[in-house]
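Numbering (the numbering used here), first residue to last: 32 to 319. I have placed the structure first, in the form of structure tokens, so that the comments after it can refer back to it.
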Amino acid sequence: MALRASANGIEIAYDTFGSPGGRPLLLIMGLGSQMIHWDEEFCTLLADGGHHVIRFDNRDVGESTHFHDAGTPSFGPVSSADAPYLLGDMADDAAGLLDALGLESAHVAGVSMGGMIAQAMAIRHPDRVRSLTSIMSTPSPQAAPPTEAAMAALMSPPSPDRETAIARALETWKVIASPGYPFDADRIARLAGLSYDRAYDPAGVARQLAAIMASGDRAPLLKELSVPALVLHGEQDQLVPLPGGIATADAVPGARLVTYPGMGHDLPRPLWPEFAAEIGGLTATAER
Numbered sequence: 032m033a034l035r036a037s038a039n040g041i042e043i044a045y046d047t048f049g050s051p052g053g054r055p056l057l058l059i060m061g062l063g064s065q066m067i068h069w070d071e072e073f074c075t076l077l078a079d080g081g082h083h084v085i086r087f088d089n090r091d092v093g094e095s096t097h098f099h100d101a102g103t104p105s106f107g108p109v110s111s112a113d114a115p116y117l118l119g120d121m122a123d124d125a126a127g128l129l130d131a132l133g134l135e136s137a138h139v140a141g142v143s144m145g146g147m148i149a150q151a152m153a154i155r156h157p158d159r160v161r162s163l164t165s166i167m168s169t170p171s172p173q174a175a176p177p178t179e180a181a182m183a184a185l186m187s188p189p190s191p192d193r194e195t196a197i198a199r200a201l202e203t204w205k206v207i208a209s210p211g212y213p214f215d216a217d218r219i220a221r222l223a224g225l226s227y228d229r230a231y232d233p234a235g236v237a238r239q240l241a242a243i244m245a246s247g248d249r250a251p252l253l254k255e256l257s258v259p260a261l262v263l264h265g266e267q268d269q270l271v272p273l274p275g276g277i278a279t280a281d282a283v284p285g286a287r288l289v290t291y292p293g294m295g296h297d298l299p300r301p302l303w304p305e306f307a308a309e310i311g312g313l314t315a316t317a318e319r
């Protein structure tokens, strides 16, 4: 059972790994993905590297607050006035979680939409972010539009039951996962089932997608940051292609860009030690 905290006017579900005395590392997950998609084994790997790891459910997924009253946004061009909330609001959630946990600041790492939220957090709350790791993300959707196949997989219709939800998750990840690494169908099916059991809310995912589309280009403000930064990206990413990672690294002064052949829009298990080493190197340097 996840822990719960009140932050930014909502309830956030979270849990932690490692010693509270370690370097605080806040992990932010991507579109429609719950905190359980930060695998416990990977979180333990980060904790063993000296981090106090915090993972949490973004608003509108998992056990955090869902904005049911906001309804389902229509797909298409979205303005900031049309979206129920923006990525900046989700960044404020993350900063509020730090408040609830008594942390003045933390190292922040996010994947995909989570990377966008991490970028927004560094812009809006620069004093709260000790280092920034942006993984398979982008400063704006326009910088790295998805392939047609990836977009079609992302926009699959809501599932009527648990079995269908698992089947559709497998279909989606077969398109966007890393072609250079084994496809872990058992893990994907298990996570899809657990996610369905914790909270199945397609409208919430649509609201998150509206936040992405309506939040504009962060590149001009990223250029003003002075934070140690790392950008990790797969060279075969179909959902947020490599130009998104390049644009992020180009925008953040001094950011280190590391790309991986054969990696798509997921975190392949064989690369976990490399990811942990890169993040650990960044956070240790930032602490010094």
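Cβ atoms here follow ideal geometry from the backbone N, Cα and C, with glycine treated the same way. Values in this document were obtained by computation on a predicted structure and should not be read as measured data.
- The residue from Gly61, Leu132, Pro233, Ile41 with its alpha-carbon nearest to that of Ser190 is Pro233.
- Looking at the backbone, the Cα of Pro251 and that of Ala282 are separated by about 7 angstroms.
- Taking a cut-off of 8 angstroms for Cβ pairs, the segment 261-276 and the segment 163-171 touch, as three or more such pairs fall below it.
- Here Pro157 is not near Leu253, since their CB atoms are 8 angstroms or more apart.
- One alpha carbon belongs to Ala131, the other to Gly119, and they sit about 18 angstroms apart.
- Non-local C-beta neighbours of Ala307 in its own chain, meaning closer than 6 angstroms and more than five positions away in sequence, comprise Leu76, Leu77, Gly80, ordered along the chain.
- Distance check between Ala241 and each of Ser37, Cys74, Leu62, Gly40 places Leu62 closest, using alpha-carbon atoms only.
- Uninterrupted alpha helix (DSSP H) stretches at least 4 residues long and entirely within the segment 175-255 occur at 179-185, 193-207, 216-229, 233-245, 250-253, given in chain order.
- Leaving aside the five residues that flank Leu288 on each side, the residues in its chain whose CB is nearer than 6 angstroms to its CB run, in chain order, Val262, Ala280.
- Within the same chain, no Cβ atom closer than 6 angstroms to the Cβ of Arg300 is found once the five residues on either side in sequence are excluded.
- In the structure shown, Gly145 falls within a helical segment according to DSSP collapsed to helix, strand and coil.
- With contacts defined by Cβ atoms closer than 8 angstroms, Ile41 and Asp100 do not form a contacting pair.
- Taking each of Ala44, Ser37, Ile59, Asp91 in turn and checking the Cα distance to Ala137, the smallest one comes out for Ile59.
- Closest by C-alpha distance to Ala184, out of Ser171, Ala175, Gln173, Lys205, is Lys205.
- With fewer than 16 other Cβ atoms from the protein chains shown falling within 10 Å of its own Cβ, Gly52 counts as exposed.
- In the DSSP annotation of this structure, the continuous segment of the beta strand (DSSP E) that includes Leu261 starts and ends at 260-265.
- The DSSP-derived three-state label of Thr169 is coil.
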